[in-house]
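These notes concern the structure reproduced below.
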Amino acid sequence: MKSKKITTYFLTIALFSATVAMAQHDYVNTPPAVNPMPMKPEMTEIWEPEVKVITPAKKIGDAPSDAIILFDGKNLDQWVDQKDTSKPAGWKIVDKDYMEVVPGSGAIQTKMAFGDCQMHIEWSAPDVVLDGGQWRGNSGVFFQNRYELQVLDSYNNRTYSNGQAGSIYKDHPPLVNAMKTPLEWNTYDVVYTAPRFKENGLIDAPATITVFLNGVLVQNNATINGLTLYIGLHNYPSPHGEDVIALQDHGCKNQFRNIWIRRL
Numbered sequence: 075m076k077s078k079k080i081t082t083y084f085l086t087i088a089l090f091s092a093t094v095a096m097a098q099h100d101y102v103n104t105p106p107a108v109n110p111m112p113m114k115p116e117m118t119e120i121w122e123p124e125v126k127v128i129t130p131a132k133k134i135g136d137a138p139s140d141a142i143i144l145f146d147g148k149n150l151d152q153w154v155d156q157k158d159t160s161k162p163a164g165w166k167i168v169d170k171d172y173m174e175v176v177p178g179s180g181a182i183q184t185k186m187a188f189g190d191c192q193m194h195i196e197w198s199a200p201d202v203v204l205d206g207g208q209w210r211g212n213s214g215v216f217f218q219n220r221y222e223l224q225v226l227d228s229y230n231n232r233t234y235s236n237g238q239a240g241s242i243y244k245d246h247p248p249l250v251n252a253m254k255t256p257l258e259w260n261t262y263d264v265v266y267t268a269p270r271f272k273e274n275g276l277i278d279a280p281a282t283i284t285v286f287l288n289g290v291l292v293q294n295n296a297t298i299n300g301l302t303l304y305i306g307l308h309n310y311p312s313p314h315g316e317d318v319i320a321l322q323d324h325g326c327k328n329q330f331r332n333i334w335i336r337r338l
């Protein structure tokens with residue numbers, strides 16, 4: 075009986091000590107030298123650094139003042155041939171408005187390299203529908219020259235779900251099919267976060283991507299599971315830093331316009 079009383083006594087002391095210790099511990103997110111409450115409103119106000127001011131576009135879809143213009147219909151000066159970067163991009167400009175894939179000319183890529191970014195790009199499938207499935211207006215936007223956001227005419231065009239417009243190719247299907255009808259322009263608005271690697275070269279944090287297709291969310295901070303592959307499982311075979319944005323030549327006369335990007 076005495077043993078039980080002693081046990082109960084020490085248990086009570088232990089609980090009391092723990093309670094006192096918790097009461098003395100700083101609150102989560104409590105600023106230094108403020109312990110315990112009450113707090114004042116100004117203790118949670120952040121004044122520095124001051125937020126940078128930019129000028130937003132007057133028209134939705136146009137570039138804000140801090141964007142890098144990758145294509146505005148005038149020229150392909152920001153692009154080069156992917157196979158031979160000493161050569162200019164082999165695609166053509168139509169009506170000083172959009173660029174069009176020249177089938178067989180090969181992919182093109184930006185001269186500049188990017189990591190985390192916000193990107194806007196408008197695209198259209200060929201005017202003439204020659205086939206279905208993966209041969210109907212197929213192209214792709216490759217972030218860091220590795221991770222593909224699929225471009226495809228997916229209007230009334232059934233194919234595998236992780237290969238249609240708005241998909242991270244062979245990785246994530248889009249949340250919905252938000253394609254416009256043929257001959258209309260589609261819009262991608264993308265927020266991309268590049269992968270992070272450990273000192274030993276292994277992946278630390280995979281890339282993530284949020285995509286709006288025609289204003290509709292189709293990828294919600296999706297984790298990119300690695301290098302885009304046609305056959306095989308996605309993986310991160312080697313570490314890398316910033317790299318180019320590439321547009322794919324898949325044998326279809328896809329068209330692109332109003333391309334701009336912001337570094338994040």
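Counting from 75, one number per residue, gives the positions in the sequence shown under the working numbering.
Ideal Cβ placement from N, Cα and C applies to all residues, glycine included.
As the structure is a prediction and not an experimental result, all values here were calculated from the model.
Item	Value
DSSP three-state assignment for R337, whether helix, strand or coil	strand
Reference Q224, options V292, P115, G135 and L144, closest by Cα	V292
One or two residues paired with V168 in a DSSP bridge	Y172
Chain D within 8 Å of N260, Cβ atoms only	No chain D appears in this structure, which consists of one protein chain only.
Close-in-space but distant-in-sequence residues of the same chain around P313 (CB under 6 Å, 5 per side omitted)	F271 and G275
Where the beta strand (DSSP E) containing E222 begins and where it ends	Y221 to V225
Selection from F145, Q152 and Q183 that minimises the alpha carbon distance to V168	F145
Given 8 Å, three or more beta-carbon pairs between the segment 241-253 and the segment 277-294	yes
Q329 vs W153 beta-carbon contact at 8 Å	no
Within the segment 254-288, ranges of the alpha helix (DSSP H) (whole runs, at least 4 residues)	none
R337 burial status per 10 Å Cβ neighbour count (16 or more: buried)	exposed
CB of I335 within 8 Å of CB of A141, strictly	yes
First and last residue of the uninterrupted beta strand (DSSP E) at C326	Counting along the chain, C326 falls outside any beta strand (DSSP E), and DSSP gives it neither H nor E.
Neighbourhood of L321 by C-beta, 7 Å cutoff - its chain only, sequence neighbours within 5 removed	A181, I182, S213, V215 and F330
Contact under 8 Å by Cβ, P280 with N299	yes
Within 8 Å, strictly: CB atoms of Q218 and D323	no
As assigned by DSSP and simplified to three states, the class of M113	coil
Bounding residues of the beta strand (DSSP E) (the contiguous stretch that carries H194)	C191 to S198
Nearest-angstrom Cβ-Cβ length linking V264 and Q192, presumed shorter than 8 Å	7 Å
For N294, three-class secondary structure by DSSP	strand
Delimiting residues of the beta strand (DSSP E) encompassing I143	I142 to F145
T233 - DSSP class collapsed to helix/strand/coil	coil
Beta strand (DSSP E) segment containing D201, residue limits	Run containing D201: none; DSSP gives neither H nor E here.
Simplified DSSP assignment, three categories, for T118	helix
Buried/exposed call for T267, threshold 16 Cβ in 10 Å	buried
Residues near K170 in its chain [Cβ-Cβ closer than 7 Å; skip 5 each side]	G147 and K148
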